[in-house]
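Visitor:
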DNA sequence: ATGAAAGCGCTAACAT
DNA sequence: ATGTTAGCGCTTTCAT
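Chains as they are written, first to last, in the working numbering: chain A, 1 to 345; chain B, 346 to 690.
See below:
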């Protein structure tokens with residue numbers, strides 16, 4: 001057997017203890033993760049300083065798997081998202097991380113593009129890699145059962161979705177319908193009769209609540225939204241751009257477009273401009289989400305969305321579950337939406 | 346309050362063993378993470394099936410911290426990024442995850458907006474939460490020392506940066522200068538003499554290599570790029586949009602703009618359109634990065650960037666380090682850039 | 001104010 | 001082909 005290069009083992013708590021001339025117990029109390037307060041009542045200042053000096057001297061770093069195994073807790077939270085590339089994800093992650101950090105926890109993000117990956121990521125929590133998860137995956141409606149399974153296995157979860165019911169986990173939803181209806185009323189009041197919809201998926205089978213809301217409200221006005229006016233692109237700026245250009249090239253194009261996302265709507269404005277059309281005169285555009293970019297586009301984008309999106313309560317929902325073993329109740333948090341008419345309509 | 350949360354304990358390997366009527370060792374071999382091949386030579390099919398049945402029956406799930414502690418390995422990799430919201434991050438994360446998955450590893454993302462957070466995240470690897478890290482943080486130049494420190498502590502790392510030297514870790518850089526110079530030549534050949542630059546930071550102190558390359562090449566043509574032609578916005582679509590509109594409102598605006606990012610360049614095209622200017626006639630625009638969106642804008646965006654960005658070698662660099670304890674050499678991987686002239690210039 | 005000792009759940013060297 | 005056994009590094013009683 002060839003000589004295995006002796007991997008220098010990193011120092012353990014025992015090394016710190018012997019360097020400082022104290023017991024491992026004392027070192028543990030001095031370093032004690034989130035419960036540092038306990039150490040104060042137990043360890044003298046002189047001892048603590050000696051321990052810290054030893055830590056620095058030998059370059060000790062706690063072994064997290066060992067700590068997690070013993071504590072049966074990680075102080076880490078997973079944020080599961082189906083993509084990264086919109087301003088929304090960045091904002092959400094930043095806000096959640098801030099709250100978690102204040103409670104002594106950290107955040108890791110796992111991208112879950114498929115149901116199998118979502119299953120896998122929740123399995124990671126189940127396996128003790130994190131204490132809980134916040135789930136932000138768009139096509140999660142079909143995953144009600146998956147979430148319930150993990151909830152039964154005592155995985156603390158908060159999901160952000162309008163198409164799922166709390167059942168062992170909390171749900172954060174947006175009260176979108178009134179704002180979307182107001183947007184439709186607004187378009188109709190401005191004389192639009194042929195309104196296209198930019199959808200997240202082109203799949204007519206996939207339920208898209210925003211499309212349903214628009215359809216329903218149009219019906220209320222005696223108007224219909226035909227299937228051939230539903231275009232793909234809400235999820236991708238480039239697809240949206242192409243969709244709108246194709247659409248505007250048709251013989252009798254719609255006079256307005258309602259996009260299920262702001263990024264799609266912004267691409268729509270720009271696609272119209274690129275073909276020499278005037279927004280809102282040749283094409284009126286409404287988006288969803290009210291992202292910051294709405295205000296700086298020209299013309300400014302009318303959008304249905306949360307007015308000042310504050311996602312910190314989402315993190316607090318999860319923290320409540322983490323701090324309360326056998327958290328008793330399911331909660332539903334409703335983030336209010338409004339319609340904000342601007343120059344694009 | 347009980348010191349240890351009275352969480353109903355989840356089943357362990359011992360429970361599976363007694364249910365299946367075998368020893369814990371056998372269960373361990375059947376479940377053995379990445380080394381499943383070893384199990385084949387040891388466990389009979391009948392036994393394996395009995396074990397798997399027991400696993401399903403009692404809902405067993407491996408305890409990852411315990412496994413990591415024992416194995417001294419996690420099969421997990423951290424991707425550290427300073428932000429999420431551009432198409433680049435999405436693409437990078439997806440490609441890396443694919444390669445890691447094929448080698449039986451998983452990927453978590455940690456957002457590191459500050460040097461302190463980068464330190465903290467690398468500390469997580471050091472603490473045994475992951476086996477290594479891929480670092481994609483723009484302002485990492487000042488962190489050479491930090492990376493060297495962790496490299497000395499045997500943290501396997503690959504960094505993506507043009508302003509850092511490999512030293513105990515690998516560096517992936519882009520050979521940007523020739524492509525950028527070609528872009529400048531192209532603009533000059535088309536008669537542009539007053540060229541603005543859209544920079545990542547507005548801070549004139551922060552070194553921006555792309556700006557330096559543009560400046561240098563302009564000097565070669567006897568032209569200068571004055572400080573008041575450097576505008577902020579490459580990092581943010583909205584800021585870019587505002588910058589260009591302000592710029593075009595000046596008495597004697599530049600006739601071309603070179604953006605350090607494609608997203609900034611796209612916003613520039615759009616800002617020009619919004620003011621009734623024609624691209625490329627009133628304003629020529631060049632971006633950096635060659636993202637997919639370049640091809641679908643109108644006019645299509647000229648861009649200096651990688652032609653078909655393949656980021657999988659980045660993951661392989663790290664895997665080599667993970668698979669080879671005391672990895673001997675530092676490597677530098679150069680991703681070639683080209684200038685791709687399109688309709689925007 | 002500090003230490004001794006008993007595991008947390010798992011893996012792997014060493015039996016058999 | 002399967003079992004025994006000795007820890008991995010840490011936290012937390014309980015004792016002093």
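Each residue gets a CB set at the ideal place from its N, CA and C atoms; glycine is no exception.
Mapping DSSP to helix, strand and coil, what is residue 469 of chain B?
Guide: Counting from 1 along the second chain, the entry for residue 469 of chain B is found at position 124. Note: residue 469 of chain B maps to helix in three-state DSSP.
Visitor: Please report the straight-line C-alpha distance between residue 493 of chain B and residue 671 of chain B, rounded to a whole angstrom.
Guide: The residue given as residue 493 of chain B occupies position 148 in the second chain. The residue given as residue 671 of chain B occupies position 326 in the second chain. Taking the straight line joining both Cα atoms gives about 15 Å.
Visitor: What does the alpha-carbon distance come out to for the pair residue 615 of chain B and residue 592 of chain B?
Guide: Here the question's residue 615 of chain B lines up with position 270 in the second chain. Here the question's residue 592 of chain B lines up with position 247 in the second chain. Rounded to whole angstroms, residue 615 of chain B to residue 592 of chain B spans 13 Å at the Cα level.
Visitor: Could you name each continuous beta strand (DSSP E) segment of 3 residues or more that falls completely within the region 182-229 of chain A, going from the start of the chain to the end?
Guide: Whole beta strand (DSSP E) segments, 3+ residues: 195-199.
Visitor: Nearest to residue 689 of chain B by alpha carbon, out of B:669, B:660 and B:631?
Guide: Walking along the second chain from the start, residue 689 of chain B turns up at place 344. When each option's Cα is compared against that of residue 689 of chain B, the closest is B:631.
Visitor: Output the boundary residues of the alpha helix (DSSP H) element that contains residue 323 of chain A.
Guide: Taking the first chain and counting its residues from 1, the one referred to as residue 323 of chain A is at position 323. Where residue 323 of chain A is concerned, the enclosing alpha helix (DSSP H) stretches over 312-323.
Visitor: Does the distance from the CB of residue 79 of chain A to the CB of residue 414 of chain B come in under 8 Å?
Guide: The residue given as residue 79 of chain A occupies position 79 in the first chain. The residue given as residue 414 of chain B occupies position 69 in the second chain. Against a cut-off of 8 Å, the Cβ pair of residue 414 of chain B and residue 79 of chain A comes out as no contact.
Visitor: Secondary structure at residue 270 of chain A, three-state DSSP: helix, strand or coil?
Guide: On the first chain, position 270 is the one that residue 270 of chain A refers to. Three-state DSSP puts residue 270 of chain A in a helix.
Visitor: Examine chain B for any beta-carbon lying closer than 8 Å to the beta-carbon of residue 135 of chain A, and answer yes or no.
Guide: Looking up residue 135 of chain A in the first chain gives position 135. It does not; no Cβ of chain B falls within 8 Å.
Visitor: Which residues, in order along the region 390-409 of chain B, keep a beta-carbon less than 9 Å from a beta-carbon of chain A?
Guide: Of all residues in the region 390-409 of chain B, 404, 406, 407, 408 and 409 have a Cβ within less than 9 Å of some Cβ in chain A.
Visitor: Note down, in chain order, each residue of its chain lying with its Cβ closer than 8 Å to the Cβ of residue 293 of chain A, except the 5 sequence neighbours on either side.
Guide: Along the first chain, read from residue 1 onward, the residue named residue 293 of chain A stands at position 293. Closer than 8 Å at Cβ, skipping near neighbours: 87, 262, 263, 266 and 301.
Visitor: Within the 8 Å Cβ cut-off, does residue 296 of chain A reach chain B?
Guide: The residue labelled residue 296 of chain A in the question sits at position 296 within the first chain. Yes - at least one Cβ of chain B is within 8 Å of the one on residue 296 of chain A.
Visitor: Quick one: Cα of residue 129 of chain A to Cα of residue 391 of chain B, how far?
Guide: Numbered from its first residue, the first chain carries residue 129 of chain A at position 129. Numbered from its first residue, the second chain carries residue 391 of chain B at position 46. Residue 129 of chain A and residue 391 of chain B: Cα-Cα distance of roughly 31 Å.
Visitor: Look at the alpha carbon of residue 92 of chain A and the alpha carbon of residue 12 of chain A, and state the distance between them as a whole number of angstroms.
Guide: Here residue 92 of chain A refers to the residue found at position 92 when the first chain is read from its first residue. Here residue 12 of chain A refers to the residue found at position 12 when the first chain is read from its first residue. If I take the Cα positions, the gap works out to 37 Å.
Visitor: How far does the alpha helix (DSSP H) with residue 93 of chain A in it reach, from first residue to last?
Guide: Walking along the first chain from the start, residue 93 of chain A turns up at place 93. Residue 93 of chain A -> alpha helix (DSSP H) spans 87-102.
Visitor: At the 8 Å Cβ level, is residue 386 of chain A part of the contact set with chain B, yes or no?
Guide: This structure does not reach residue 386 of chain A, given that chain A is present from 1 up to 345, and the question cannot be answered.
Visitor: Using a Cβ-Cβ cut-off of 7 Å (strictly less than) and excluding sequence neighbours within five positions of residue 482 of chain B, which residues of its own chain qualify?
Guide: The residue given as residue 482 of chain B occupies position 137 in the second chain. So the qualifying residues of the chain are 425, 426, 427, 457 and 463.
Visitor: Following a CB-centred definition, is residue 121 of chain A positioned closer than 7 Å to any heavy atom of the ligand ADP?
Guide: Summarising the ligand content, the structure contains no ligands, and the ligand ADP is consequently not present.
Visitor: Under the three-state reduction of DSSP, which class applies to residue 586 of chain B: helix, strand or coil?
Guide: Numbered from its first residue, the second chain carries residue 586 of chain B at position 241. Of the three classes helix, strand and coil, the one that applies to residue 586 of chain B here is helix, per DSSP.
Visitor: Listing by chain order, which chain A residues have their CB less than 8 Å from the CB of residue 388 of chain B?
Guide: The count along the second chain starts at 1 and reaches residue 388 of chain B at position 43. Per Cβ cutoff of 8 Å: no residues; residue 388 of chain B is ~22 Å from chain A at best.
Visitor: Within 10 angstroms of its Cβ, does residue 603 of chain B collect 16 or more other Cβ (buried), or is it exposed?
Guide: Walking along the second chain from the start, residue 603 of chain B turns up at place 258. Under this definition residue 603 of chain B is a buried residue.
Visitor: Sort out for me which residues DSSP pairs residue 284 of chain A with in a bridge.
Guide: By one-based count along the first chain, residue 284 of chain A stands at place 284. Answer is A:256, bridged to residue 284 of chain A.
Visitor: Against chain B, which members of the region 261-290 of chain A pass a CB distance test of less than 7 Å?
Guide: The residues in question are 270, 273 and 274.
Visitor: Closer than 8 Å by C-beta to residue 515 of chain B: which residues in its own chain qualify, once you throw out the five before and the five after it? Chain order, please.
Guide: Your numbering for residue 515 of chain B matches position 170 in the second chain. So the qualifying residues of the chain are 502, 503, 504, 662, 663, 666, 675, 676, 677 and 678.
Visitor: Compute the beta-carbon to beta-carbon distance between residue 284 of chain A and residue 339 of chain A, rounded to the nearest angstrom, for a pair I have assumed lies under 8 Å.
Guide: For the purposes of this step, residue 284 of chain A is identified with residue 284 of the first chain, where counting begins at 1. For the purposes of this step, residue 339 of chain A is identified with residue 339 of the first chain, where counting begins at 1. Actually they do not touch by this definition, with Cβ atoms about 13 Å apart.
Visitor: Out of A:220, A:123, A:210 and A:9, point me to the one whose CA is closest to residue 407 of chain B's CA.
Guide: As a position in the second chain, residue 407 of chain B is number 62, starting the count at 1. Ranking the options by Cα distance to residue 407 of chain B, first place goes to A:123.
Visitor: If you follow the beta strand (DSSP E) that residue 511 of chain B is part of, which residue opens it and which one closes it?
Guide: In the second chain, residue 511 of chain B corresponds to position 166, counting from 1. Element bounds for residue 511 of chain B: n/a, residue is neither H nor E.
Visitor: Could you name the residues of the region 229-247 of chain A whose beta carbon sits closer than 7 Å to any beta carbon of chain B, in the order they occur along the chain?
Guide: Hits within the stretch, in order: 237, 238, 241 and 242.
Visitor: Quick check on the DSSP output: the beta strand (DSSP E) that includes residue 110 of chain A runs from which residue to which?
Guide: Residue 110 of chain A sits at position 110 when you count from the first residue of the first chain. Start and end: 106-111.
Visitor: I'd like to know whether the C-beta atoms of residue 579 of chain B and residue 605 of chain B end up nearer to each other than 8 Å.
Guide: Translated into the one-based positions of the second chain, residue 579 of chain B becomes position 234. Translated into the one-based positions of the second chain, residue 605 of chain B becomes position 260. Yes.
Visitor: Could you spell out the range, first to last residue, of the alpha helix (DSSP H) harbouring residue 646 of chain B?
Guide: Within the second chain, residue 646 of chain B is the residue found at index 301, counting from 1. Careful: residue 646 of chain B lies outside any alpha helix (DSSP H) and carries neither H nor E.
Visitor: Please go through the region 468-497 of chain B and give each complete beta strand (DSSP E) segment of 3 or more residues, from N-terminal end onward.
Guide: DSSP runs (the beta strand (DSSP E)) wholly in the region 468-497 of chain B: 477-481.
Visitor: CA-CA distance, residue 291 of chain A and residue 583 of chain B?
Guide: The residue you call residue 291 of chain A lines up with position 291 of the first chain. The residue you call residue 583 of chain B lines up with position 238 of the second chain. Computed Cα separation, rounded: 11 Å.
Visitor: Beta strand (DSSP E) containing residue 505 of chain B: first to last residue?
Guide: The residue you call residue 505 of chain B lines up with position 160 of the second chain. Taken as a continuous stretch (DSSP letters only), the beta strand (DSSP E) holding residue 505 of chain B covers 502-505.
Visitor: Can you tell me the Cα-Cα spacing of residue 597 of chain B and residue 208 of chain A, whole angstroms?
Guide: Here residue 597 of chain B refers to the residue found at position 252 when the second chain is read from its first residue. Here residue 208 of chain A refers to the residue found at position 208 when the first chain is read from its first residue. So the two alpha carbons sit approximately 49 Å from each other.
Visitor: Quick check on the burial criterion: 16 or more other C-beta atoms within 10 angstroms. Buried or exposed for residue 190 of chain A?
Guide: Walking along the first chain from the start, residue 190 of chain A turns up at place 190. Residue 190 of chain A should be labelled exposed.
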